[in-house]
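Enquirer: Sharing a structure here in structure tokens format.
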């Protein structure tokens, strides 16, 4: 005899929460997955706790939960992550945008407001754009910015371009290694911003397998001590910066002094600051640079 019993939304969530907790995963993932499957907000989901979960949606939910139990990121299962209130497509080719990076964008916007007249057209480059989250957000938050973004991964650039089109942003994407395509085109910028791969190779083993098995390794680590990209970028920055410029780096929380020193070495008269994130960890190194004469 066929069992026609349908478990309720509450029962499905309770099962998923228990399974994910036992596996050491985020139990809140179950709500995110079910909200996505049912097309409901969290308040709508809670209001329907005791409604039966339709069989087809229950099967899909169970499949998603089991995949997340095995380490597949929730964002890869639903296909996107919110950044600055906007949905960005993500997949195995790009890093999933983190909340800390939203603070990096906010820092950059605030610095531009402090340094330049509010009605001035400004040029921006975002190096290692990945999903395009930083570049697209800057373009949407400040319509006076002319934004260029680079990445060495063609697969990542395809994701970034789809996000650009979906969100209606005006961003120019270039394929190449770090600043090379920007230098090749002779582009000069008022804001340089980057969230480069900064995890030291020996620290990779400390990361969750949700990250290491499903996000691109070359977007996480430089395969060295975590400082290699900062060294290369600070060495070449003078080739792309205007006479007055702002530089903003996202960093690992132990790297602030090292990255600050690299910027001071490259630009001895720069005003270089370390900014902490909402969790009180060093997260941003930013600089206001005024060069005495155009860079050679």
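Residue numbers (the numbering used here): 1 to 296. Note that CB positions come from ideal geometry on N, CA and C, so glycine has one too. These numbers come from a predicted model, not from an experiment.
1) Check the Cβ-Cβ distances between residue 187 and every residue of chain C, and say whether any is below 8 angstroms.
2) Could you check what DSSP says for residue 238 in three-state terms: helix, strand or coil?
3) Since residue 289 contacts residue 241 with CB under 8 angstroms, what's their CB separation in whole angstroms?
4) Return the bridge partner residues of residue 137 from the DSSP annotation.
5) For a quick check, are the C-beta atoms of residue 237 and residue 266 less than 8 angstroms apart?
6) Looking at the unbroken beta strand (DSSP E) that takes in residue 76, where does it start and where does it end?
7) Compute every distance between the C-beta of residue 168 and the non-hydrogen atoms of the ligand SAM, then say whether any falls below 7 angstroms.
8) Indicate the three-state DSSP secondary structure (helix, strand or coil) for residue 49 in the structure shown.
9) For the segment 205-214 against the segment 137-152, are there 3 or more C-beta pairs whose distance is under 8 angstroms?
10) Please specify which runs of the beta strand (DSSP E), each continuous and at least 3 residues long, are wholly inside the segment 171-221, giving them in chain order.
11) Rounding to the nearest angstrom, what Cα-Cα distance links residue 253 and residue 117 in this structure?
12) Exposed or buried, what is residue 244 when buried is set at 16 or more other beta-carbons lying within 10 Å of its beta-carbon?
13) Please report the residue range of the beta strand (DSSP E) in which residue 283 lies.
14) From 41, 104 and 73, pick the residue whose C-alpha is nearest to that of residue 27; which is it?
15) Cα separation between residue 29 and residue 52?
16) In its own chain, which residues sit with a C-beta less than 7 angstroms from the C-beta of residue 247, not counting the 5 before and 5 after it?
17) Assuming the contact rule is C-beta atoms closer than 8 angstroms, residue 250 and residue 104 should be a hit. Round their C-beta distance to whole Å, please.
18) Three-state secondary structure (DSSP) at residue 16?
19) Classify residue 37 as buried or exposed, calling it buried when 16 or more other Cβ atoms lie within 10 Å of its own Cβ.
Expert: Reading off the structure:
1) Judged by its chain identifiers, the structure shown contains no chain C, having just a single protein chain.
2) By one-based count along the chain shown, residue 238 stands at place 238. In the three-state reduction of the DSSP assignment, residue 238 falls in the helix class.
3) As a working mapping, residue 289 is identified with position 289 in the chain shown. As a working mapping, residue 241 is identified with position 241 in the chain shown. The pair is a contact, with the Cβ atoms about 6 angstroms apart (cut-off 8 angstroms).
4) The residue labelled residue 137 in the question sits at position 137 within the chain shown. For residue 137, no pairing in a beta bridge is given by DSSP.
5) Along the chain shown, read from residue 1 onward, the residue named residue 237 stands at position 237. Along the chain shown, read from residue 1 onward, the residue named residue 266 stands at position 266. Their beta carbons are under 8 angstroms apart, which means residue 237 touches residue 266 by this criterion.
6) Sequence index remark: in the chain shown, residue 76 carries index 76 (1-based). In this chain, residue 76 is not harboured by any beta strand (DSSP E); it is covered by the alpha helix (DSSP H) spanning 74-78.
7) Summarising the ligand content, the structure contains no ligands, and the ligand SAM is consequently not present.
8) Start at 1 with the first residue of the chain shown, and residue 49 comes out as number 49. Here residue 49 sits in coil by DSSP.
9) Cβ pair count under 8 angstroms is below three, so no.
10) 171-175 and 189-194, all fully within the segment 171-221.
11) The count along the chain shown starts at 1 and reaches residue 253 at position 253. The count along the chain shown starts at 1 and reaches residue 117 at position 117. If you take the alpha carbons of residue 253 and residue 117, they lie about 32 angstroms apart.
12) For the purposes of this step, residue 244 is taken as residue 244 along the chain shown, with counting starting at 1. Label assigned to residue 244: exposed.
13) Start at 1 with the first residue of the chain shown, and residue 283 comes out as number 283. Per DSSP, residue 283 belongs to the beta strand (DSSP E) from 282-290.
14) Start at 1 with the first residue of the chain shown, and residue 27 comes out as number 27. The residue with the shortest Cα to Cα distance from residue 27 is 73.
15) Reading the chain shown from its first residue, position 29 is the one you call residue 29. Reading the chain shown from its first residue, position 52 is the one you call residue 52. Rounded to the nearest angstrom, the gap between the Cα atoms of residue 29 and residue 52 is 20 angstroms.
16) Start at 1 with the first residue of the chain shown, and residue 247 comes out as number 247. Answer for residue 247: 192, 237, 263, 286, 287 and 289, listed in chain order.
17) The count along the chain shown starts at 1 and reaches residue 250 at position 250. The count along the chain shown starts at 1 and reaches residue 104 at position 104. 5 angstroms between Cβ atoms; contact.
18) For the purposes of this step, residue 16 is identified with residue 16 of the chain shown, where counting begins at 1. DSSP, read as helix, strand or coil, puts residue 16 in helix.
19) Position 37 of the chain shown, counted from the first residue, corresponds to residue 37. Counting Cβ neighbours within 10 Å, residue 37 comes out buried, since at least 16 surround it.
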